[in-house]
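**Q**
In UniProt numbering, the protein residues as written are 1 to 149.
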């Protein structure tokens, strides 16, 4: 009931209006969820992770990040350190994972060529081509250079 004494579910003629909204009890939903039902306790302790890996010129080139700033260099080192935690995980007795959707039925099809000889049609999608290849911008270089002040 509103403060003015008018029931918002009634129209102006005084008739009671049926609610079109259903109340949903979210605890009773039976939809499969990708979110674990119980919290996952990490099995990696902070001491078993490898020591900090130094970032050399090859790593900088592979990162495709402009590391002129010390902060960017530190961010790359932190990312490598975080990812290297996976090296200390014990995977003995764990079967390989072929798909992240293991519990769902996947429709597979045979690999067969259905449209051959469409190279020119595909290459028309590229802005720049060279010798029948796509040309991608070089890594670690911004596409638009800002003038240095």
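For every residue, glycine included, the Cβ atom is placed at its ideal position computed from N, Cα and C. Just so you know, these numbers come straight off a predicted model, no measurement behind them.
State buried or exposed for residue 82, treating a residue as buried only when at least 16 other CB atoms are found within 10 Å of its CB.
**A** Residue 82 is exposed by the Cβ-count criterion.
**Q** Closer than 8 Å by C-beta to residue 129: which residues in its own chain qualify, once you throw out the five before and the five after it? Chain order, please.
**A** The residues are 123, 135.
**Q** Under the three-state reduction of DSSP, which class applies to residue 59: helix, strand or coil?
**A** DSSP places residue 59 in helix when its eight states are reduced to three.
**Q** Rounded to the nearest angstrom, what separates residue 89 and residue 97 at their Cα positions?
**A** Rounded to whole angstroms, residue 89 to residue 97 spans 15 Å at the Cα level.
**Q** Alpha carbon to alpha carbon, what distance is there between residue 101 and residue 87?
**A** When rounded, the distance between both Cα atoms is 24 Å.
**Q** Tell me, please, which residues DSSP counts as bridged to residue 130.
**A** Beta-bridge pairing links residue 130 to 133.
**Q** Report yes if the CB atom of residue 77 is closer than 7 Å to the CB atom of residue 60, and no otherwise.
**A** Cβ distance not < 7 Å, so residue 77 and residue 60 don't count as in contact.
**Q** Give me, in chain order, the residues of the same chain whose beta-carbon lies closer than 8 Å to that of residue 62; leave out the 5 immediate sequence neighbours on both sides.
**A** If we look at residue 62 and ignore the five residues flanking it on each side, it has no Cβ neighbours.
**Q** Do the CB positions of residue 116 and residue 64 come within less than 7 Å of each other?
**A** No; because the gap between Cβ atoms is not below 7 Å, this pair is not in contact.
**Q** How long is the line joining the alpha carbons of residue 112 and residue 53, rounded to whole angstroms?
**A** Cα to Cα, residue 112 sits roughly 44 Å from residue 53.
**Q** If I measure Cβ to Cβ from residue 126 and keep anything under 6 Å in the same chain, skipping five residues before and after, which residues do I get?
**A** 134.
**Q** Which residues bound the alpha helix (DSSP H) around residue 122?
**A** Here the alpha helix (DSSP H) through residue 122 covers 119-123.
**Q** For a test of the three-state rule: what should DSSP assign to residue 37, helix, strand or coil?
**A** Three-state DSSP puts residue 37 in coil, outside helix and strand.
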